[in-house]
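Heads up: the protein sequence lines correspond to chains L and B, in order.
Residues in the first sequence are numbered from 1 upward in steps of one, following the UniProt record's numbering.
Residues in the second sequence are numbered from 1 upward in steps of one, following the UniProt record's numbering.
Everything on this sheet refers to the single structure shown next.
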Amino acid sequence: MSKKDEVVVLDFWVSPFAMRVKIALEEKGIKFEAREEDLLGNKSELLLQSNPIYKKVPVLLHNGKPLCESLVILNYVDETWPSPPLLPTSPYERSVAKFWADFVDKKIFEGGSKIWKSKGEALEVAKKEFEECLKLLEGALGEKEYFAGNGFGFVDIVLIPHISWFYGYEQFGGFKVEEQCPKLGAWMKRCLGRESVAKVLPDPAKVQEFICKLRKMHGIE
Amino acid sequence: MEGAPLKLHGMWASFYVHRVQLVLHLKGVEYEYVEEDLSNKSRALLLQNPVHKKVPVLLHGDRPIAESTIIIEYIDEFWREKPILPTDPYERAVVRFWCHFVDDTLRPSFGAILRSSAEGQGAAVDNFRQNLEFLEAELRDGFCKGRKFFGGERIGLLDIVMGCGLYWNSASEDVLGLKIIDQESFPFFTSWFESFNEAKEVKEVIPPTEKLVEYVKGLLQKMFN
């Protein structure tokens with residue numbers, strides 16, 4: 001690796017997907033510049049050029065070369081700067097970690113969005129589905145401190161940003177994650193004690209304000 | 001785990017299963033195949049993949065692995081000869097990005113054609129073709145320029161993810177009576193697909209296209225009736 005690695009993250013303060021990348025880079029001790037995109041307004045030329053298909057954040061630019069999709073970026077970061085490792089070493093444990101990362105990626109943000117977008121019966125259904133997903137994750141965590149056996153890593157990084165949105169879901173949904181899933185609650189506190197996580201995650205109250213703004217935009221009262 | 005037996009739970013017409021079978025074959029790895037009746041899933045399958053309850057599931061000894069691309073990466077890491085993914089991290093990221101694009105964007109936009117109303121069909125076809133154009137552009141003058149396969153001289157992960165399942169296109173074109181992927185608009189993609197189908201391992205592993213097309217046509221006719 002060249003000594004003058006230039007690492008840029010195209011970012012949006014409230015995006016859990018972008019938070020994953022920033023936490024991973026912090027954990028690896030990689031210096032990077034986070035450039036805030038105005039996603040609800042005007043996207044930068046750089047973003048549109050670097051991610052022409054999806055036009056979304058995060059984008060990682062490593063010495064000018066763009067990488068898109070947070071899980072793809074996480075794998076790249078882990079393979080390019082191997083220490084400390086985010087994924088376990090054995091192929092089987094790696095496949096388990098990738099499975100749960102994929103599960104979080106498919107279920108959590110969308111599931112949470114259904115909560116703040118719904119009312120009445122639809123809201124109850126959304127809450128139930130969300131709780132089922134969290135219980136599955138809690139099962140995967142088990143008695144461990146973190147999801148993999150080798151300390152804070154891949155799955156933790158993929159899931160932890162979403163908790164900054166949980167407060168909003170809880171307010172609109174009328175439930176508390178810690179009460180339904182105490183082990184997950186303990187894991188959340190543990191992760192928040194890490195410097196990388198504390199540095200990157202936004203104030204949940206601000207995220208809730210943002211969700212209120214989104215609700216207005218979607219015409220939900 | 002060395003020497004532990006491999007068992008693959010699958011369904012003969014599932015292109016997610018074909019992906020895994022193709023990789024095992026490319027690597028020369030032996031395995032036992034278990035056909036699942038998806039309308040009456042075995043206890044074993046439900047035990048091994050309790051979260052998604054789907055095929056494919058690969059059992060290595062008593063360890064289950066689910067999700068086709070995760071299974072493939074596991075196989076690639078455990079049996080390191082004849083790699084399916086490139087070694088360079090940036091190239092791996094590019095391949096993984098395109099695989100994500102195929103599964104999360106391209107394929108669902110094809111599904112939208114099948115679910116569209118008569119009025120919406122044109123727009124759905126256009127949308128799919130716009131998505132396919134991204135891959136056509138990569139073959140024409142992007143990172144795959146001049147290559148026989150997306151993976152280079154040998155079949156790689158993106159070839160497998162894109163190539164398995166294209167019989168859905170043939171079947172749909174037949175049932176809907178329209179051309180979706182035409183050679184004129186997609187010369188590089190069409191040429192790539194010919195190379196893929198001609199590959200020895202693809203011929204050896206994937207069931208005959210006619211049989212798969214018949215099967216899908218049966219499903220589509222039920223869907224449309």
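Note that the Cβ used here is the ideal one computed from N, Cα and C, for glycine as well.
Burial state of B/E67 is buried, judged by a 10 Å Cβ sphere holding 16 or more other Cβ atoms. Annotated three-state conformation of B/R107 is helix, per DSSP. Between B/I84 and B/V23, the CB-CB gap stays under 9 Å. B/L8 sits buried, since 16 or more C-beta atoms from the chains shown fall within 10 Å of its C-beta.
Proximity of chain L to B/P89 at the Cβ level (cut-off 7 Å) is accounted for by Y76, E79 and T80, in chain order.
By the Cβ rule, the segment 76-95 of chain L counts as touching the segment 75-94 of chain B, because three or more pairs are nearer than 8 Å. Going by DSSP, B/H18 is part of the alpha helix (DSSP H) stretching over F15 to K27. When secondary structure is reduced to three states using DSSP, L/F175 falls in the coil class, being assigned neither helix nor strand. Ranked by Cα distance from B/L106, the first of B/Q130, B/R19 and B/A137 is B/Q130.
With a threshold of 9 Å between beta carbons, B/V17 makes no contact with chain L. Judged by their CB atoms, L/P88 and L/G173 are not nearer to each other than the 9 Å cut-off. In this structure the segment 46-61 of chain L does not lie against the segment 67-79 of chain B, because fewer than three pairs of beta carbons, one per stretch, are closer than 8 Å. Close to chain B, meaning a Cβ-Cβ distance shorter than 7 Å, are the following residues of the segment 49-60 of chain L: I53.
In the displayed model, L/C68 falls within a strand according to three-state DSSP. Residue state for B/R80 is assigned as coil, using DSSP reduced to three classes.
Contact annotation: the segment 55-70 of chain L touches the segment 11-18 of chain L, with at least three C-beta pairs closer than 8 Å. When DSSP states are grouped into helix, strand and coil, L/P58 belongs to the coil group. Scanning its chain for C-beta atoms nearer than 6 Å, with the 5 sequence neighbours on each side dropped, one finds around L/P66 the residues S50 and V59, in chain order.
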